[in-house]
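Colleague: Shown below is the structure under consideration.
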Amino acid sequence: MTRRYLFSDESGDLTFSRKPNVSTYFAVATLVIDEPHLRTLRATLGALRDDLAFRNHGLDSYFHATNDSYEIRRAVYTALSDLDFQVDVTLLEKAKAQPHIRASAARFFQYAWFYHLKWVAPRVLSPDDEALIVAAELGTRQTRKAFRQGIEDVMTQCINFRVKRSLAFWPCSSDVALQAADYCLWAVTRRWERGDDTYYKLIESKIRYEYDLWAKGDHYHY
Numbered sequence: 001m002t003r004r005y006l007f008s009d010e011s012g013d014l015t016f017s018r019k020p021n022v023s024t025y026f027a028v029a030t031l032v033i034d035e036p037h038l039r040t041l042r043a044t045l046g047a048l049r050d051d052l053a054f055r056n057h058g059l060d061s062y063f064h065a066t067n068d069s070y071e072i073r074r075a076v077y078t079a080l081s082d083l084d085f086q087v088d089v090t091l092l093e094k095a096k097a098q099p100h101i102r103a104s105a106a107r108f109f110q111y112a113w114f115y116h117l118k119w120v121a122p123r124v125l126s127p128d129d130e131a132l133i134v135a136a137e138l139g140t141r142q143t144r145k146a147f148r149q150g151i152e153d154v155m156t157q158c159i160n161f162r163v164k165r166s167l168a169f170w171p172c173s174s175d176v177a178l179q180a181a182d183y184c185l186w187a188v189t190r191r192w193e194r195g196d197d198t199y200y201k202l203i204e205s206k207i208r209y210e211y212d213l214w215a216k217g218d219h220y221h222y
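Throughout the sequence shown, residue numbering follows the UniProt record's numbering, covering 1 to 222 in sequence.
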């Protein structure tokens with residue numbers, strides 16, 4: 001029996017229109033890591049945060065790729081490149097989503113998670129493993145309830161019944177592993193949304209699966 005951790009993050013908004021500052025893609029990512037390597041990741045990033053603080057960087061926040069300075073980003077990506085984990089990313093180009101798929105934010109969220117976990121789960125989880133899926137806490141209590149129900153339903157459909165699994169929603173600030181997932185997904189989506197692969201190149205070896213779900217589709221609904 002192996003304990004496996006899947007720290008997840010989502011990127012992009014759930015607004016379905018062509019407006020300024022609205023994302024083209026919605027993406028789901030999971031950082032997959034085993035227990036011994038998780039201890040190393042937590043220790044490494046914890047020590048890095050202390051070191052940065054002594055150098056007067058990042059004194060007022062946790063690691064967050066969107067908000068961090070260039071110095072912090074480079075330091076975090078350099079540290080991540082030496083750690084042992086894999087990241088899987090599923091991207092959905094929102095304008096290609098049929099109306100019934102985007103009827104609600106919860107529906108679209110569940111759809112994205114289903115196709116992500118359908119590919120990931122059989123490849124990282126074996127019967128009799130223990131799996132902890134940790135999602136970053138987001139939205140209101142009512143939103144989290146709907147999203148939790150969606151992920152739990154997807155877990156039932158996509159994970160072998162012999163895998164003992166649990167789902168947790170933790171604040172991103174509570175665990176550097178969630179922050180690592182945020183950093184990895186940010187690098188991927190920055191490449192897709194802006195064509196900037198500066199940070200992607202630093203962790204490219206960690207990206208196992210990067211899939212545009214509707215790449216073959218050519219019909220746009222808005």
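Cβ atoms here follow ideal geometry from the backbone N, Cα and C, with glycine treated the same way.
Please read all numbers here as calculations on a predicted model, not as lab measurements.
Does the distance from the C-beta atom of Tyr-5 to that of Leu-41 stay below 7 Å?
Modeller: Taking 7 Å as the cut-off, the beta carbon of Tyr-5 is found no closer than this to the beta carbon of Leu-41.
Colleague: Quick one, are the C-beta atoms of Tyr-200 and Arg-191 less than 7 Å apart?
Modeller: yes
Colleague: DSSP puts Val-87 in a beta bridge; with which residues?
Modeller: DSSP lists Leu-31 and Ile-207 as partners of Val-87.
Colleague: Beta-carbon within less than 8 Å of His-64's beta-carbon, same chain only, minus the 5 sequence neighbours each way: which residues are those?
Modeller: Leaving aside the five residues that flank His-64 on each side, the residues in its chain whose CB is nearer than 8 Å to its CB run, in chain order, Cys-172, Gln-179 and Asp-182.
Colleague: From the DSSP secondary-structure annotation, give me the bridge partner or partners of Ala-135.
Modeller: Phe-169
Colleague: Tell me which residue opens and which closes the alpha helix (DSSP H) that Phe-109 is part of.
Modeller: Taken as a continuous stretch (DSSP letters only), the alpha helix (DSSP H) holding Phe-109 covers 105-124.
Colleague: Taking DSSP's pairing of strands, which residues face Tyr-183 in a bridge?
Modeller: Answer by DSSP bridge pairing: none, since Tyr-183 is not bridged.
Colleague: What did DSSP end up calling Tyr-200 once you bin it into helix, strand or coil?
Modeller: helix
Colleague: In chain order, what residues of the same chain have a beta carbon less than 6 Å from the beta carbon of Ile-207, not counting five sequence neighbours either side?
Modeller: Val-87
Colleague: Which first and last residues belong to the alpha helix (DSSP H) in which Val-147 is found?
Modeller: This sequence places Phe at residue 147; Val is not what is there. Here the alpha helix (DSSP H) through Phe-147 covers 141-158.
Colleague: Taking the CB atoms as reference points, tell me whether Arg-74 and Glu-35 lie closer together than 7 Å.
Modeller: no
Colleague: Sort out for me which residues DSSP pairs Tyr-25 with in a bridge.
Modeller: Glu-93
Colleague: Would you mind working out which of Ala-105, Val-188, Tyr-70 and Arg-55 sits nearest Asp-13, comparing C-alpha positions?
Modeller: Per the C-alpha coordinates, the member of Ala-105, Val-188, Tyr-70 and Arg-55 positioned closest to Asp-13 is Ala-105.
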